[in-house]
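A quick write-up on the structure given underneath.
Residue numbers (the UniProt record's numbering): 1 to 268.
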């Protein structure tokens, strides 16, 4: 049973899981062609629908839907790098058989461990290069068209879909990491929230979001409260590790290191 709801606005994004998964998933019901009734419904005509994980093993069906319905887009994260090399290559080829290149998007589907982001990005580059090289050899694309396709798949398609106002050109990694230093004395008027990010005992990054006003009035001096259990969480479970003897009872204060306060680059 598919439960689906949208408001009648221009840019509402819905992500549909139409692919392989754990054993509790009935793969027979994951074929994206089952979405046809939704796609034909005028109430949902303005919803932008993204089919995830290359819709594997229904990549051809997803490609067809993207070719005939303007609101359907495709994301191949997880299928790359989860599948074999042949599986990754064939699923991406099937996505591109009918779907416009400007509707196919890259993602890593990374989670928890930084290696998942790295592996997803590395494998995606290898597979996209392999598929587009073959397309050039077959005469489907010129070299210049293949270069444009790479820009579209890895960057421009997502920017256009999500209406992101990002300056064209390469990103300066030093600027992206360091960002703009912020005054420690007063909050900037257009800043609504401050993120406090720290590395926990398992080496995993954690984040707490605080309203900007509260941050400057209270949090910067007194910090935020965390349960003792937060200091013994594992990287695979949001609970204390066995044998740590830590529970949700009791509190520690996490005080931010104010000299590290920066404004996120993508808000400049």
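Backbone N, C-alpha and C define an ideal beta-carbon position, used for all residues, glycine too.
Report the option in 256, 13 and 95 whose CA atom is closest to the CA atom of residue 209. Taking the chain shown and counting its residues from 1, the one referred to as residue 209 is at position 209. Taking only the C-alpha atoms, the option nearest residue 209 is 256.
Counted within 10 angstroms of its Cβ, other Cβ atoms place residue 68 as buried (16 or more) or exposed: Working through the chain shown from its first residue, we reach residue 68 at position 68. The residue in question, residue 68, is exposed, as its Cβ has fewer than 16 Cβ neighbours within 10 Å.
If you check the beta carbons only, do residue 76 and residue 92 fall under 8 Å apart? Residue 76 sits at position 76 when you count from the first residue of the chain shown. Residue 92 sits at position 92 when you count from the first residue of the chain shown. The answer is yes: Cβ separation under 8 Å.
Can you give me the C-alpha to C-alpha distance between residue 159 and residue 241, rounded to a whole angstrom? Here residue 159 refers to the residue found at position 159 of the chain shown. Here residue 241 refers to the residue found at position 241 of the chain shown. For residue 159 and residue 241, the distance between alpha carbons rounds to 40 Å.
Counted within 10 angstroms of its Cβ, other Cβ atoms place residue 105 as buried (16 or more) or exposed: In the chain shown, the residue the question calls residue 105 occupies position 105. With 16 or more other Cβ atoms within 10 Å, it is buried.
What is the rounded straight-line gap between the Cα of residue 61 and the Cα of residue 239? Taking the first residue of the chain shown as position 1, residue 61 is located at position 61. Taking the first residue of the chain shown as position 1, residue 239 is located at position 239. Computed Cα separation, rounded: 40 Å.
For residue 134 and residue 142, the rounded distance between their alpha carbons: By one-based count along the chain shown, residue 142 stands at place 142. By one-based count along the chain shown, residue 134 stands at place 134. Looking at the two C-alpha atoms, the distance is approximately 11 Å.
Cα separation between residue 260 and residue 33? Here the question's residue 260 lines up with position 260 in the chain shown. Here the question's residue 33 lines up with position 33 in the chain shown. Going from the Cα of residue 260 to the Cα of residue 33 covers about 49 Å.
Report, in whole angstroms, the separation of the C-beta atoms of residue 48 and residue 73, which I expect to be a contact under 8 Å. Reading the chain shown from its first residue, position 48 is the one you call residue 48. Reading the chain shown from its first residue, position 73 is the one you call residue 73. Yes, they are in contact, since the Cβ atoms of residue 48 and residue 73 sit about 7 Å apart, within 8 Å.
Exposure of residue 85, with buried meaning 16 or more beta-carbon neighbours within 10 Å: Position 85 of the chain shown, counted from the first residue, corresponds to residue 85. Counting Cβ neighbours within 10 Å, residue 85 comes out exposed, since fewer than 16 surround it.
Where residue 30 and residue 54 are concerned, what is the direct C-alpha to C-alpha distance, given to the nearest angstrom? As a position in the chain shown, residue 30 is number 30, starting the count at 1. As a position in the chain shown, residue 54 is number 54, starting the count at 1. Spanning the two alpha carbons is a distance of roughly 12 Å.
Starting from the C-beta of residue 226, find all residues in its chain whose C-beta is less than 6 Å away, skip the five residues before and the five after it, and write them out in chain order. Within the chain shown, the letter at position 226 stands for residue 226. Only 252 and 254 meet the Cβ criterion.
Minimum C-alpha distance to residue 46 - residue among 249, 12 and 58: As a working mapping, residue 46 is identified with position 46 in the chain shown. The candidate whose alpha carbon is nearest that of residue 46 is 12.
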